[in-house]
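Trainee: Using full-length UniProt numbering, read the sequence shown as starting at 1 and increasing by one per residue. C-beta: ideal position from N, C-alpha, C; glycine also. Shown below is the structure under consideration.
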Amino acid sequence: MNVEKLLLYEDNHLLVLNKPGGLLVQADRTGDPTLLEAAKAYLKEKYHKPGRVYLGLVHRLDRVTSGVIIFAKTSKAARRLSQAFREGQVQKYYLAVVEGGPPPEKTLEDYLAWDPVRKKAYLSPEGKKAILSWRLLKKGRKESLLLVEPGTGRKHQIRAQLAAHGFPIVGDLKYGSPRKIAAGRAILLHAWRIRLSHPTKKEILVFEAPLPPYWPGNFHPDEGKNSPNIFAYRANLS
Numbered sequence: 001m002n003v004e005k006l007l008l009y010e011d012n013h014l015l016v017l018n019k020p021g022g023l024l025v026q027a028d029r030t031g032d033p034t035l036l037e038a039a040k041a042y043l044k045e046k047y048h049k050p051g052r053v054y055l056g057l058v059h060r061l062d063r064v065t066s067g068v069i070i071f072a073k074t075s076k077a078a079r080r081l082s083q084a085f086r087e088g089q090v091q092k093y094y095l096a097v098v099e100g101g102p103p104p105e106k107t108l109e110d111y112l113a114w115d116p117v118r119k120k121a122y123l124s125p126e127g128k129k130a131i132l133s134w135r136l137l138k139k140g141r142k143e144s145l146l147l148v149e150p151g152t153g154r155k156h157q158i159r160a161q162l163a164a165h166g167f168p169i170v171g172d173l174k175y176g177s178p179r180k181i182a183a184g185r186a187i188l189l190h191a192w193r194i195r196l197s198h199p200t201k202k203e204i205l206v207f208e209a210p211l212p213p214y215w216p217g218n219f220h221p222d223e224g225k226n227s228p229n230i231f232a233y234r235a236n237l238s
């Protein structure tokens, strides 16, 4: 795996990558390759480190999701970034192609629980509060492109909430999409933009990840006469 091609940003405290869809972030029982181990190997080789490389995981993306993921290169950065994510101080924006035609804007407030047997989230009054908002960027004949901002960080939150309200993400068989996409173990959910405060310098950083190659061209921002202009929304993003 060529980690350098995935690189969005690096300094003494942070390593920011554009995660490919279908790739694990950290190890699970499958034993498949992970981005975390590949990133450690990249740092070890680049800086000729003789021992083990520290790299802190401060947030996660599902295997099927692509986009911005941030690792901490120091324990201090890991501690501060983990707290920032936990306390909702990080703004996250996703692009999602969903089945159907959702309304132009909506905010969802649900309660999500986790089913450990089926390994999926579901709506339950006994669950934890899950909030997200979306803006419709483009409506197609059968699918639509959404800009999604989660207000909380529950496991599988975007996938579960959109599906529960009738708009499963294209390719997400687990949550009701009727079809796979060509990329196999990926779905059309992309962590497009993250805005946060640097853990030591305290300056505001914004990271944006280019869309993966399997993203459908008719839902590719700023490509073609009828494509949605995602960048026009930047002025209104926090």
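Note down the Cα distance separating Pro150 from Ala96, rounded to an integer number of angstroms.
Mentor: Within the sequence shown, the letter at position 150 stands for residue 150. Within the sequence shown, the letter at position 96 stands for residue 96. Their Cα atoms are separated by approximately 12 Å.
Trainee: Which residues bound the beta strand (DSSP E) around Arg29?
Mentor: Taking the first residue of the sequence shown as 1, we reach residue 29 at position 29. From DSSP, Arg29 is part of no beta strand (DSSP E); its letter is neither H nor E.
Trainee: Kindly indicate which residue of Lys129, Ala163, Tyr54 and Lys174 has the alpha-carbon position closest to the one of Arg63.
Mentor: Taking the first residue of the sequence shown as 1, we reach residue 63 at position 63. The candidate whose alpha carbon is nearest that of Arg63 is Lys174.
Trainee: Which residue marks the beginning of the beta strand (DSSP E) containing Ile194, and which one marks its end?
Mentor: For the purposes of this step, residue 194 is taken as residue 194 along the sequence shown, with counting starting at 1. It spans Leu189 to Ser197 - the beta strand (DSSP E) in which Ile194 sits, taken as one unbroken run.
Trainee: Quick check on Arg118: does DSSP put it in helix, strand or coil?
Mentor: Position 118 of the sequence shown, counting from 1, holds the residue named residue 118. The answer is coil: DSSP assigns Arg118 none of H, G, I, E or B.
Trainee: Going by the beta-carbon positions, is the gap between Ala78 and Val53 smaller than 7 Å?
Mentor: Reading the sequence shown from its first residue, position 78 is the one you call residue 78. Reading the sequence shown from its first residue, position 53 is the one you call residue 53. No, they are not a contact pair.
Trainee: Buried or exposed: where does Pro20 fall if 16 or more other Cβ atoms within 10 Å of its Cβ makes it buried?
Mentor: By 1-based counting over the sequence shown, the position of residue 20 is 20. Label assigned to Pro20: buried.
Trainee: Quick one: grab the DSSP three-state call for Glu10.
Mentor: Residue numbering aside, residue 10 sits at position 10 when the sequence shown is read from its first letter. If DSSP states are grouped into helix, strand and coil, Glu10 belongs with the strands.
Trainee: Pull up the distance between the alpha-carbon of His220 and that of Tyr111, whole angstroms please.
Mentor: The residue labelled residue 220 in the question sits at position 220 within the sequence shown. The residue labelled residue 111 in the question sits at position 111 within the sequence shown. Rounded to the nearest angstrom, the two C-alpha atoms are 32 Å apart.
Trainee: Between Leu108 and Leu146, is the Cβ-Cβ spacing less than 7 Å?
Mentor: As a working note, residue 108 is residue 108 in the sequence shown. As a working note, residue 146 is residue 146 in the sequence shown. Not a contact, by the Cβ cut-off of 7 Å.
Trainee: Once the 5 residues before and after Thr74 are set aside, which same chain residues still bring their CB inside 6 Å of it?
Mentor: Numbered from 1 along the sequence shown, position 74 holds the residue referred to as residue 74. Same-chain partners within the cutoff: His13.
Trainee: State the Cα-Cα distance for the pair Leu114 and Leu136, rounded to the nearest angstrom.
Mentor: One-based indexing of the sequence shown puts residue 114 at position 114. One-based indexing of the sequence shown puts residue 136 at position 136. The residue asked about is misnamed: residue 114 is Trp in this sequence, not Leu. Rounded to the nearest angstrom, the two C-alpha atoms are 28 Å apart.
Trainee: I'd like the list of long-range same chain contacts for His156, defined as Cβ closer than 7 Å, with 5 residues on each side in sequence excluded.
Mentor: Working through the sequence shown from its first residue, we reach residue 156 at position 156. Once the five neighbours on either side are set aside, the close Cβ partners of His156 are Asp62, Lys120 and Ala121.
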